[in-house]
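Participant:
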Amino acid sequence: MDYIIHRRIAFDRLDWYAVNSDRQHSITLTTRCPEQTQAVGRLLGSDARAGDVFLLSGELGAGKTCLTQGILWGLGGDEYARSPTFVLMCEYYARLTLYHMDLYRLDSVDEVIDLGLDDYILGEGVCVVEWAEKGLDAFPGENMRVRIEDIGGESRALTFTAESPRYSEMLEALRARFADDSAHAPELPAVSDEAQ
Ligand SMILES: Nc1ncnc2c1ncn2[C@@H]1O[C@H](COP(=O)(O)OP(=O)(O)OP(=O)(O)O)[C@@H](O)[C@H]1O
Ligand SMILES: [Mg+2]
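With our numbering applied, the sequence shown corresponds to residues 9 to 204, in that order.
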């Protein structure tokens with residue numbers, strides 16, 4: 009099914025557009041507060057399966073950890089995920105183990121490869137990697153890329169790009185949740201007046 013959709017929807021100003029073609033399958037959501045980014049993460053976490061890999065990129069303070077927090081909650085975890093910048097990786101035990109990595113302090117893909125992450129990436133858990141652009145070649149080609157951009161104030165553009173059919177399926181499920189007639193439309197946290 010090919011489509012390009014761009015619309016503003018009713019769920020408290022969460023804009024989105026989706027592209028599905030032979031070459032690209034992506035969805036961009038605009039969140040208006042951290043809680044909305046967490047809510048989107050929650051949806052991903054609840055759909056996640058063993059072996060899933062999410063490669064996150066975006067500037068300092070973009071919202072990568074915030075999204076990861078939602079993914080952890082979606083997996084059923086109740087902890088608070090923090091940026092594992094100094095320890096490179098944190099493990100959280102939930103429905104599936106979450107391996108939360110942060111490559112910020114690394115300089116080259118060789119350093120990432122030297123970490124020997126395969127046991128985690130190819131394991132039974134879910135991997136979320138911040139600053140993944142530092143070592144893309146160290147990760148499986150089948151992954152979900154997530155680009156987060158600060159577009160002013162508390163607004164963030166989250167672009168999810170599926171790099172294999174597994175993640176296309178996940179994006180399709182996400183898009184279906186936001187469709188006007190969805191019976192499973194997510195409830196998103198309201199934006200406070202000050203943030204608008
Ligand atoms: N819509 C939003 N989504 C996510 N975070 C937001 C949003 N609006 C404001 N913020 C704020 O932006 C900051 C995002 O911090 P976060 O630690 O998630 O960034 P990060 O991308 O992980 O940064 P780093 O590269 O330093 O690890 C938080 O202070 C959060 O409250
Ligand atoms: Mg972070």
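Glycine included, C-beta positions come from ideal geometry on N, C-alpha and C.
Compute every distance between the C-beta of Asp110 and the non-hydrogen atoms of ligand 2, then say whether any falls below 8 Å.
Facilitator: For ligand 2, at least one heavy atom lies less than 8 Å from the Cβ of Asp110.
Participant: Taking the alpha-carbon of Leu166 as reference, which of Ala89, Gly59, Met152 has the nearest alpha-carbon?
Facilitator: If we check each option's Cα against that of Leu166, Met152 comes out closest.
Participant: Tell me the DSSP secondary structure of Val27 in three-state form.
Facilitator: Strand, per DSSP.
Participant: Pick out whichever of Val48, Leu114, Ala170, Gln32 has its Cα sitting closest to the Cα of Ala140.
Facilitator: Ranking the options by Cα distance to Ala140, first place goes to Leu114.
Participant: Is the beta carbon of Gly82 closer than 9 Å to that of Gly59?
Facilitator: Not a contact, by the Cβ cut-off of 9 Å.
Participant: State the DSSP-derived secondary structure class of Ser116, mapped to helix, strand or coil.
Facilitator: Residue state, collapsed to three classes: coil.
Participant: Which residue spans inside the stretch 22–103 form an unbroken beta strand (DSSP E) run of at least 3?
Facilitator: Within the stretch 22–103, the complete beta strand (DSSP E) runs of at least 3 residues are 23–28, 33–39, 61–65, 97–100.
Participant: Kindly indicate the opening and closing residues of the beta strand (DSSP E) around Ile156.
Facilitator: First-last of the beta strand (DSSP E) with Ile156: 152–158.
Participant: With respect to 8 Å, is the separation between the Cβ of Ser65 and the closest non-hydrogen atom of ligand 2 below this value?
Facilitator: Every heavy atom of ligand 2 is 8 Å or more from the Cβ of Ser65, so no.
Participant: Is it right to say Cys159 is buried, meaning 16 or more other beta carbons lie within 10 angstroms of its own, or is it exposed?
Facilitator: The sequence as given places Ile at residue 159; Cys does not occur at that position. Label assigned to Ile159: exposed.
Participant: What separation, rounded to the nearest whole angstrom, lies between the Cα atoms of Asp122 and Ser116?
Facilitator: The straight-line gap from Cα to Cα measures roughly 10 Å.
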